[in-house]
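Following this note's numbering, the residues of the sequence shown are numbered contiguously, the last one being 191.
Beta carbons: idealized from backbone N, C-alpha and C, even for Gly.
Structure record follows, encoded as structure tokens.
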Amino acid sequence: MVSERYVRLSKTMSYLLRHRPDEAGLVLDEAGLVPLSEFLGAINKRSGFGWVTEVDIREVVETSDKKRFRLEEGQIGARYGHNREINAVDPGEPVEPPEILYHGTPRRAVALILQQGLQPQGRQFVHLSTGVETAQMVGSRRDERPTLLRIRAGDAHRDGILFYAPTPDTYLAPQIPPEYIIAPEERQT
């Protein structure tokens with residue numbers, strides 16, 4: 003079982019490497035990488051993270067089920083999920099996705115998504131999940147009862163939309179037009 007401390011560390015690493023490196027005085031290179039020693043120093047300066055060592059960071063990188071991070075020649079970066087353009091974030095080679103993928107989203111966003119499709123919203127890619135539970139968990143970050151959208155990924159792929167799979171459970175696409183989104187059925191309560 004992953005310790006609560008490592009969960010907190012992983013979330014902080016994601017936040018700094020994906021969204022706000024400037025908050026910790028970090029400057030990512032054009033590939034989205036920063037020297038591991040600088041990153042460790044920045045983590046140690048954050049309240050409640052003085053205990054973190056390079057071994058802890060490497061453990062989080064190696065045990066992360068979503069493979070969010072990468073270590074390259076003494077540098078660390080996020081694999082995906084940046085909210086700014088990173089030149090060398092390589093999602094890998096395009097792949098053929100499953101026929102159906104899932105996306106959890108706040109209820110308030112559904113009408114607009116059904117009109118305009120899924121857009122990366124400041125990231126490089128739309129994130130899709132192979133499983134309902136993961137999509138609901140991701141969607142619950144912004145809404146305690148997110149709407150689960152089914153994505154006709156197989157049809158989108160056959161029509162030319164590129165998909166990438168940085169992990170076995172996460173697929174990325176530059177966008178998903180509305181015709182490939184299956185709206186949830188209204189439930190009678």
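- Query: From which residue to which residue does the alpha helix (DSSP H) around Val57 run?
  - Reply: Here residue 57 refers to the residue found at position 55 of the sequence shown. Val57 -> alpha helix (DSSP H) spans 56 to 65.
- Does DSSP classify Leu28 as helix, strand or coil? Here the question's residue 28 lines up with position 26 in the sequence shown. Coil at Leu28, not helix or strand.
- Same chain, Cβ closer than 7 Å to Gln138, neighbours up to 5 away in sequence not counted: Here residue 138 refers to the residue found at position 136 when the sequence shown is read from its first residue. Annotation for Gln138: Gly106, Pro148, Leu150 place their beta carbon closer than 7 Å to its own, counting only its chain and skipping 5 residues before and after.
- When DSSP builds the beta bridges, which residues end up paired with Tyr173? In the sequence shown, the residue the question calls residue 173 occupies position 171. Leu130, per the DSSP bridge assignment.
- In chain order, what residues of the same chain lie with their CB nearer than 7 Å to the CB of Ser49, ignoring the 5 residues before and after it? Translated into positions along the sequence shown, residue 49 becomes position 47. Correct list: empty, nothing qualifies.
- For Glu181 and Leu164, the rounded distance between their alpha carbons: Within the sequence shown, numbered from 1, the residue matching residue 164 stands at position 162. Within the sequence shown, numbered from 1, the residue matching residue 181 stands at position 179. Spanning the two alpha carbons is a distance of roughly 16 Å.
- Message: Check whether the region 66 to 83 and the region 163 to 179 are in contact - that is, three or more C-beta pairs closer than 8 Å.
- Response: Yes: at least three Cβ pairs fall under 8 Å.
- With a cut-off of 8 Å on the beta carbons, I'd call Pro96 and Gln177 a contact; round off their distance for me. If you number the sequence shown from 1, residue 96 lands on position 94. If you number the sequence shown from 1, residue 177 lands on position 175. Taking a contact as a CB-CB distance under 8 Å, the pair Pro96 and Gln177 does not count as one, their CB atoms being some 14 Å apart.
- Message: Here's a check: name, in chain order, each residue in its chain whose Cβ is nearer than 8 Å to the Cβ of Gly76, leaving out the five neighbours to either side.
- Response: Working through the sequence shown from its first residue, we reach residue 76 at position 74. Excluding sequence positions up to five before and after Gly76, its CB lies within less than 8 Å of the CB of Pro37, Leu38, Ser39, all in the same chain and listed in chain order.
- What is the DSSP secondary structure of Gln77, counted as helix, strand or coil? By 1-based counting over the sequence shown, the position of residue 77 is 75. DSSP, read as helix, strand or coil, puts Gln77 in strand.
- Message: What residue range does the beta strand (DSSP E) around Val36 cover?
- Response: In the sequence shown, residue 36 corresponds to position 34, counting from 1. Note, Val36: beta strand (DSSP E), 35 to 37.
- Identify the continuous alpha helix (DSSP H) that holds Leu164 and give its terminal residues. The count along the sequence shown starts at 1 and reaches residue 164 at position 162. Counting along the chain, Leu164 falls outside any alpha helix (DSSP H), and DSSP gives it neither H nor E.
- Message: To the nearest angstrom, how far is the alpha carbon of Ile88 from that of Leu35?
- Response: Translated into positions along the sequence shown, residue 88 becomes position 86. Translated into positions along the sequence shown, residue 35 becomes position 33. In this predicted model, Ile88 has a pLDDT of only 49, less than 50, meaning its place in the structure is not dependable; the value taken from the coordinates is given anyway. Computed Cα separation, rounded: 9 Å.
- Look at the alpha carbon of Lys13 and the alpha carbon of His21, and state the distance between them as a whole number of angstroms. Taking the sequence shown and counting its residues from 1, the one referred to as residue 13 is at position 11. Taking the sequence shown and counting its residues from 1, the one referred to as residue 21 is at position 19. Lys13 and His21: Cα-Cα distance of roughly 11 Å.
- Task: Just confirm the distance between the C-beta atoms of Leu116 and Ala155, as a whole number of angstroms; I'd bet it's less than 8 Å.
- Result: Numbered from its first residue, the sequence shown carries residue 116 at position 114. Numbered from its first residue, the sequence shown carries residue 155 at position 153. Wrong, their Cβ atoms sit about 17 Å apart, outside the cutoff.
- With burial defined as no fewer than 16 other Cβ atoms inside 10 Å of the residue's Cβ, what is the status of Gly162: buried or exposed? For the purposes of this step, residue 162 is identified with residue 160 of the sequence shown, where counting begins at 1. Per the 10 Å Cβ criterion, exposed.
- Message: Quick check on DSSP: helix, strand or coil for Gly156?
- Response: Within the sequence shown, the letter at position 154 stands for residue 156. It is helical.
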